[in-house]
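Asks: Mind the numbering: the sequence shown is residues 7 to 172 in our numbering, read in order. For each residue, glycine too, the CB sits at the ideal point set by N, CA and C. Take a look at the following structure, please.
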Amino acid sequence: MVLTVKNTETVTQDHNFKGSSCNSPNLLSFDVLLTFEEILEDGETQSHLNAKLKIESSERSQLNKLMQTISGFCLKHDLPLNKLAKISTCADWNFWETETGNQANFIKATNGKIYFGNRQDLNDFEKAWMKFGFGANVQCMNMDEWVEYVISKVSSDTPSAHHIEV
Numbered sequence: 007m008v009l010t011v012k013n014t015e016t017v018t019q020d021h022n023f024k025g026s027s028c029n030s031p032n033l034l035s036f037d038v039l040l041t042f043e044e045i046l047e048d049g050e051t052q053s054h055l056n057a058k059l060k061i062e063s064s065e066r067s068q069l070n071k072l073m074q075t076i077s078g079f080c081l082k083h084d085l086p087l088n089k090l091a092k093i094s095t096c097a098d099w100n101f102w103e104t105e106t107g108n109q110a111n112f113i114k115a116t117n118g119k120i121y122f123g124n125r126q127d128l129n130d131f132e133k134a135w136m137k138f139g140f141g142a143n144v145q146c147m148n149m150d151e152w153v154e155y156v157i158s159k160v161s162s163d164t165p166s167a168h169h170i171e172v
């Protein structure tokens, strides 16, 4: 199954940013894929965000800055933060470790993935962000239920409005 991605946007905290995809001194580049439990407009379940954020001294502060950026992105694009099931991040955490002298233990342990919903395996970070609305209404379905849900939603709309292969 192939689903298209909605709302690709680049966010930066540096007004002198020239659009380079590489890390810059004091900035860490993130490539973020947001996966929602429900079908968004035009049949999509994912949204994409590129961000360059000021390097924070602790991993917790860096992740909090990223989560605030994601929250703002969802609000700006009217995306249902409470239906956000998974955040997949890609960043050069080795660069961050070199710049800060600290270890990125959490992000390495989770392989850059942050989950929400009624899962049994959520960590304290994920549970804490759910209190702020991230994935608060996600009911984790098994894969068969999810595929059935997606197919039923797509088949009820106009086929030409979607790019889906099953």
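#1: Are the beta-carbon atoms belonging to E65 and I113 less than 8 angstroms from one another?
#2: Output needed for W99: all residues of its chain with C-beta closer than 6 angstroms, excluding positions within five of it in sequence on either side, in chain order.
#3: Return the first residue and the last residue of the alpha helix (DSSP H) that I113 is part of.
#4: Take T116 as the anchor and find which of T95, T104, N56 has the nearest alpha-carbon.
#5: If you draw a straight line from the C-alpha of L72 to the C-alpha of A91, how long is it?
#6: What residue from N70, N124, E154 has the CA that sits closest to G141's CA?
#7: For K82, I'd like the list of residues in its chain whose CB is within less than 7 angstroms of its CB, leaving aside the five on either flank, ordered along the chain.
#8: Is it true that the CB of F131 sits closer than 8 angstroms to the CB of K89?
#9: Quick check: the Cα distance between D48 and L69, rounded to an integer number of angstroms?
#10: Give me the Cβ distance between I45 and E105, rounded to the nearest whole Å; I'm assuming they're in contact under 8 angstroms.
#11: At what residues does the beta strand (DSSP E) containing K82 begin and finish?
#12: Check for me: the alpha helix (DSSP H) holding A134 runs from which residue to which?
#13: DSSP three-state call for A97: helix, strand or coil?
Replies: Straight from the coordinates:
#1: yes
#2: A110, I113
#3: Where I113 is concerned, the enclosing alpha helix (DSSP H) stretches over 111 to 116.
#4: T95
#5: 16 angstroms
#6: N124
#7: none
#8: no
#9: Straight-line Cα distance between these residues: approximately 30 angstroms.
#10: Contact between I45 and E105 is ruled out by a C-beta separation of about 39 angstroms, above the 8 angstroms threshold.
#11: Premise fails: K82 lies in the alpha helix (DSSP H), 65 to 82, not in any beta strand (DSSP E).
#12: 130 to 136
#13: strand
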